[in-house]
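Report on the structure given below.
Number of protein chains: 2
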Amino acid sequence: MSKENQTKTGMSRRKFLVSVGSLALGAVGVSALAGCTQTEKPSAKTAGDAATVTYPWPYKKLDVETVRKKGHQGYYEGACCYGVFNAIISELGKEVGAPYTTFPTQMFKYGEGGVAGWSTLCGAVNGAAAAICLVAGDAWEDLVNELMAWYENNPFPSDISNQYAREKAFLVKEMKSDKTLPQSVAKSTLCHVSVTEWCKKSGYKSFSKERSERCGRLTGDVAAFTVDMLNRHFDKAFTPVAKISNEVQSCRSCHDKGGTIENTRGKMNCMPCHDDPHKKPKS
Amino acid sequence: MSKENQTKTGMSRRKFLVSVGSLALGAVGVSALAGCTQTEKPSAKTAGDAATVTYPWPYKKLDVETVRKKGHQGYYEGACCYGVFNAIISELGKEVGAPYTTFPTQMFKYGEGGVAGWSTLCGAVNGAAAAICLVAGDAWEDLVNELMAWYENNPFPSDISNQYAREKAFLVKEMKSDKTLPQSVAKSTLCHVSVTEWCKKSGYKSFSKERSERCGRLTGDVAAFTVDMLNRHFDKAFTPVAKISNEVQSCRSCHDKGGTIENTRGKMNCMPCHDDPHKKPKS
């Protein structure tokens, strides 16, 4: 990662701390503003077919900005989950060849709108985690933890996605708005909370063309973050910094493993549903 | 579906209505108690490699109980999401052959515990939805809606999964408990809520071996329901009955598409987080 990007990482972390109040977050949100330099080139455009390539599948560094744009485009083809997954896998298809070129990426359409519009897990995160696990093998958990923590605390859509749309240097034919869209911190990896927070912050309705376009830019941003992280991981330059916030840790000290109550599990931000940790949950 | 199973379906529906109070649910939970009869046999044990088989991938009817057992076993190999996905795909590998035999099912380990233990979307549901979308093409949304509604309202673990464990007729080497485990209705497709409801109902702790075994049996149950539904779909005998409950519909009438507020989206049960629809959400 360049020095410029390291500085931006530090800025993002400070921004997170302001955005989420007292949460002491270690999660770093960084979408590299410059595309990565491809230092590794595959020797051939195929790693073999799916029958001969063993899990995890081979990874080659990808260009972060190409994937961001492709993720945004993919949102208009098959929504958020497909958008992220297809952007990464189809670019790996160009760099590595088979077996990526034969992966039925359409199967990830199901993740749309938090799975068929149920608004559970954000589809962009779901598709990104699947792509990570396909290539990272045993390292998937650290990388997915990082992704989840970053998503909860990163302002979406990113400045660069807003900039692309404004400058029209990058055109998605179906793009529903070329405005600079307001940013909000999702506070959660759940589609329901992520969309609501953005609607509250922006004043736009949840089925407005602007909200849809916000999710398209977010799809690009999640794809870009994922690839930046994978590039660093395969360069042995990734150090996980995500950690559970003090507030969530406090909840977990009683309710999670080893706590006196031990009646639940999880690492997600408790606050959007349980704003007072000493008040009995509503359900 | 046999007459016996239709009766059991009716019983399950009544049980749901009691369990979830005033929710007027159309979602039907039925895991066929008898394995389906395989009326279709593939003519050859390969449909072709991934390069030649187009999306959606070809489906052959599977034995529901074989998949239930394999899902349970798979939980102890790679947790809930992998457990469901691998059970279905590996059985399709036996019936259809390639390209299923070359699918890197390990990539679905990421869904464990609601994605890397974050307790968002139940991994069993995530893996099931992915398998559905791989084989069902454009029909995926109706089938996934049915799955989601069923999961929210079905008592887990099923009687049959409890029976297997009790009788030891089906042995999972790593099985952490052979007790008949208490059942609870998840009320949500979120791992966090699903686990908490079971802990409240059963009195077991969230990291107890019994809770882990409950999720193993649930993994089998979700795999079995999915295959039963896919079998019926490909037999042209599936009619979607899932509908959004009156209570959720009431919330959506203001907050979802076309409502006066229109500040969110979703189909999931609102009650576990917002028990009073006229009270401002906590966050």
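Going down the list, the protein sequences come from chains U and F.
Count along the first sequence from 1, add 57, and you get the number used in our numbering.
Count along the second sequence from 1, add 57, and you get the number used in our numbering.
C-beta atoms are modelled at their ideal positions from N, C-alpha and C, and glycine is treated no differently.
Query: Span of the alpha helix (DSSP H), counted from its first residue to its last, around Y132/F; Result: 121-152
Query: Min CB distance T159/F to chain U below 9 Å; Result: yes
Query: Short CB-CB distance (under 9 Å) between Y116/U and chain F; Result: no
Query: Simplified DSSP state of T109/F, which is helix, strand or coil; Result: coil
Query: Other residues of its chain near V153/F: CB distance less than 7 Å, five sequence neighbours each side excluded; Result: P99, A104, P115, K117
Query: Where the stretch 250-265 of chain U meets chain F: residues whose CB sits under 7 Å from a CB there; Result: V252, T253, C256, K257, K262, S263, F264
Query: Three-way DSSP call (helix, strand, coil) for T246/F in this model; Result: coil
Query: A155/U, DSSP secondary structure in three states; Result: strand
Query: Beta carbon proximity, Q163/F to chain U, threshold 9 Å; Result: yes
Query: Coil, strand or helix - T346/U by DSSP; Result: Residue 346/U is absent from the structure shown; chain U starts at 58 and stops at 340.
Query: Closest Cα partner of A281/U within the set S310/U, D216/U, P329/U; Result: D216/U
Query: Same chain, Cβ closer than 7 Å to N320/U, neighbours up to 5 away in sequence not counted; Result: H312
Query: Residues that G150/F contacts on chain U, provided the C-beta gap is smaller than 8 Å; Result: Under the 8 Å cutoff, chain U gives no residues; its nearest Cβ is about 12 Å from G150/F.
Query: Other residues of its chain near T159/U: CB distance less than 8 Å, five sequence neighbours each side excluded; Result: D106, A107
Query: Enclosing alpha helix (DSSP H) for V298/F [first to last residue]; Result: That residue, V298/F, is in no alpha helix (DSSP H); it is neither H nor E in DSSP.
Query: Exposed unless 16 or more other CB atoms sit within 10 angstroms - verdict on E61/U; Result: Its pLDDT being 34, under 50, E61/U is placed unreliably by the model, and the measurement read from it follows with that caveat. Exposed is the call here.
Query: Per-residue contacts from E319/U into chain F (C-beta, under 7 Å); Result: K262, S263, F264
Query: Span of the alpha helix (DSSP H), counted from its first residue to its last, around Q220/U; Result: 216-224
Query: Cα-Cα separation between E254/U and G316/F, rounded to whole angstroms; Result: 17 Å
Query: Residue-level contact to chain U via CB, Y43/F, 9 Å cutoff; Result: The structure shown does not extend to residue 43/F, since chain F is modelled only from 58 to 340, so the question has no answer here.
Query: Any chain F beta carbon closer than 9 Å to S176/U; Result: yes
Query: 9 Å Cβ cutoff met for V229/F and K151/F; Result: no
Query: Within chain F, the residues that I189/U reaches when beta carbons sit closer than 8 Å; Result: Y167
Query: Residue-level contact to chain U via CB, V182/F, 9 Å cutoff; Result: yes
Query: Helix, strand or coil at T283/F [DSSP, three-state]; Result: helix
Query: DSSP-derived helix/strand/coil call for F264/U; Result: coil
Query: Below-9 Å beta-carbon distance, M286/F vs any chain U residue; Result: no
Query: Contact set between V172/U and chain F, taken where Cβ atoms lie within less than 8 Å; Result: L178, V182, N183, A186, V201, M205, T246
Query: Boundaries of the alpha helix (DSSP H) in which H312/U is found, first to last residue; Result: 303-312
Query: Inter-stretch contact (C-beta, 8 Å, three-pair minimum) for the stretch 250-266 of chain F and the stretch 286-296 of chain F; Result: no
Query: C-alpha gap between V172/U and W207/U, whole angstroms; Result: 21 Å
Query: Cβ distance (whole Å) where R322/F is taken to contact S263/U below 8 Å; Result: 5 Å
Query: Residue closest to A188/U, alpha-carbon to alpha-carbon, out of P214/F, V192/F, P161/F; Result: P161/F
Query: Pair within 9 Å by beta-carbon distance, T236/F and W175/U; Result: The sequence given here has Lys at residue 236/F, not Thr. It is not a contact, given that the beta carbons lie outside the stated cut-off.
Query: Simplified DSSP state of L200/U, which is helix, strand or coil; Result: helix
Query: Simplified DSSP state of H331/U, which is helix, strand or coil; Result: coil
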